[in-house]
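Just so you know, we're using my numbering here: the sequence shown kicks off at 17 and counts up by one.
Cβ coordinates follow ideal geometry from the N, Cα and C atoms, glycine included.
Notes follow once the structure below has been shown.
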Amino acid sequence: MVIFGKTDNKSISISIKPNCLTLSISSTDDTQVFSFDHEGRLWAAMINGVSYRRGLDGKIVAKWILPKTHNHCRRWLSRTEGEAIEERANKIASWLLQKIISEQIQLSDLPQAVLDTLSRVIEFTVDRYRKDINRYYEVYKPIGILPPDQYMAVFLQATEGCSFNTCTFCDFYKDRTFRIKSPDEFSRHVKSVLSYLGEGISLRRTIFLGDANALIAPMPLLRELLKIVHHFFDVSSLGGIYAFLDGFSGALKSLPEYQELAQLQVKRVYIGLESGNADLLKLLKKPSDPEKAIETVRAIKMAGMFVDIIILLGAGGHKYSMAHIEDTVKVLNEMKLNADDIIYFSELVESEGLAYTRQAYQAQLKPMTPDERIKQGEAIEYKLIFPDGSTPHIARYDIREFVY
């Protein structure tokens with residue numbers, strides 16, 4: 017439902033949906049849009065052509081397109097800059113609510129839900145946001161990464177860390193030891209997540225079982241953890257359960273076990289294949305076997321679930337480029353993917369402290385440019401064959417834009 021109005025030479029639109037409230041304020045030279053969950057937290061904004069996305073941890077990423085070159089730009093805001101955006105959103109909401117209460121703006125058929133959410137929004141002063149961020153870190157260990165289509169999931173940490181944690185290109189979980197929570201501990205965690213999200217849970221579209229490789233849990237324990245999820249959530253209305261799994265460990269589960277996971281409404285499994293080339297995987301210290309990954313994917317799909325396969329572009333530099341393309345194509349073609357599945361191309365992101373960066377320098381691996389990495393993805397895509405004509409969705413996965 018969208019309500020329109022005008023005051024102080026500004027055009028106002030208020031969009032109230034089951035999942036969020038969006039305010040748009042426009043004048044002749046300025047447009048501002050702010051979206052809030054129903055708990056009152058800002059989660060997205062657009063100010064003069066710059067979009068902002070706020071995570072529950074308070075981090076805000078700004079994105080814009082340069083008018084002449086059409087290049088996409090991105091920058092993470094400092095804490096001070098982020099709080100300025102939060103304060104700006106709060107002032108706009110406070111100003112609008114005051115106009116409504118004093119009847120200085122005429123809005124027809126204004127539902128009570130708008131007033132309720134606006135009242136919660138204005139409670140989120142900068143100080144309240146700081147307390148909310150502290151509470152977030154009481155509920156969660158740092159969340160390393162999520163697939164792009166799961167940024168709006170209810171994230172539940174059934175496990176912490178990564179079960180192998182050896183990959184040289186990843187440092188998301190280096191600060192913690194992998195462990196699986198007991199049913200009692202997981203129940204307490206789920207309760208704390210529900211309490212923390214509050215009315216804001218309406219913004220969440222799915223359930224993601226984390227951290228990395230959560231489905232590696234032994235089936236008797238995994239079964240209990242998933243039953244806890246069903247106890248606290250209407251899983252069907254939230255769109256099912258999603259999780260990471262590595263292809264090597266995934267081969268340890270049987271088809272009947274995957275069928276049981278499907279019955280427990282695990283809908284989609286994300287597998288970081290990275291490459292179909294065994295030598296490159298060894299270089300990356302990824303404990304994976306391309307043949308095991310094929311076996312895992314086929315079992316998952318036979319059980320009735322969907323898969324997303326993540327390919328790391330630019331890994332191994334020029335030395336491994338052709339082998340990376342040819343062997344990755346071979347493995348993907350043997351997985352029998354279809355239109356229900358997704359292939360994600362994720363560009364290698366190097367940083368000074370990353371183990372891969374040091375390793376590549378020592379081995380004198382010539383890095384690929386961004387354009388070369390993109391072309392590598394295109395070369396893989398060009399050679400993919402899907403016999404039934406049911407082509408998976410192919411998308412970009414930029415870990416630098418992750419926000420939860």
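- For Ala331, the three-state secondary structure derived from DSSP is coil.
- For Ser265, the three-state secondary structure derived from DSSP is helix.
- Straight through space, the alpha carbons of Gln48 and Ile28 are spaced by roughly 10 Å.
- Taking the CA atoms as reference points, Phe50 sits about 33 Å from Leu364.
- Assignment of beta-bridge partners to Asp46 by DSSP yields Ser43.
- Every alpha helix (DSSP H) of 4 residues or more that sits fully in the region 107-184 is shown, in chain order, as 128-139, 142-155.
- The Cβ atoms of Thr222 and Gly256 sit closer than 8 Å to each other.
- A direct Cα-to-Cα measurement between Gly71 and Tyr145 gives close to 11 Å.
- The beta carbon of Asp356 sits closer than 7 Å to those of Phe322, all from its chain and outside the five residues before and after it, given in chain order.
- Under the DSSP assignment, Lys352 falls outside any beta strand (DSSP E); it carries neither an H nor an E label.
- The beta carbon of Glu215 sits closer than 6 Å to those of His54, Glu55, all from its chain and outside the five residues before and after it, given in chain order.
- Within the same chain, and ignoring the five residues on either side of Glu290 in sequence, the residues whose Cβ sits closer than 6 Å to its Cβ are Lys302, Leu328.
- Pairing Ile161 with Lys283, the inter-Cα distance amounts to about 19 Å.
- Distance from Asp343 to Gly292 at the Cβ level is roughly 4 Å; contact confirmed, criterion being Cβ atoms closer than 8 Å.
- Scanning Ile287, Ser265, Ala331, Phe224 for the CA closest to the CA of Ile325 turns up Ile287.
- With a 10 Å radius around the Cβ and a threshold of 16 neighbouring Cβ atoms, Met318 comes out exposed.
- Its Cα nearest to that of Leu58, the residue Arg136 stands out among Ser270, Asp305, Arg136.
- Lys243 sits in a helix when the DSSP states are folded into three classes.
- In the DSSP assignment, no residue is bridged to Phe402.
- Looking at the DSSP output, Tyr286 bridges to Phe260, Asp324.
- For the 8 Å CB-CB criterion, Met384 and Gln392 form a contact.
- For the pair of segments examined, the region 173-182 was found not to touch the region 346-362: the number of CB pairs separated by less than 8 Å stays below three.
- In this chain, the alpha helix (DSSP H) harbouring His205 covers 199-213.
- For His340, the number of other beta carbons within 10 angstroms of its own is at least 16, and it is reported as buried.
- A direct Cα-Cα distance of roughly 39 Å separates Val66 from Phe202.
- Taking the CA atoms as reference points, Lys269 sits about 33 Å from Glu394.
- Contact between Val419 and Val77 holds, with the beta-carbon distance rounding to 6 Å and staying under 8 Å.
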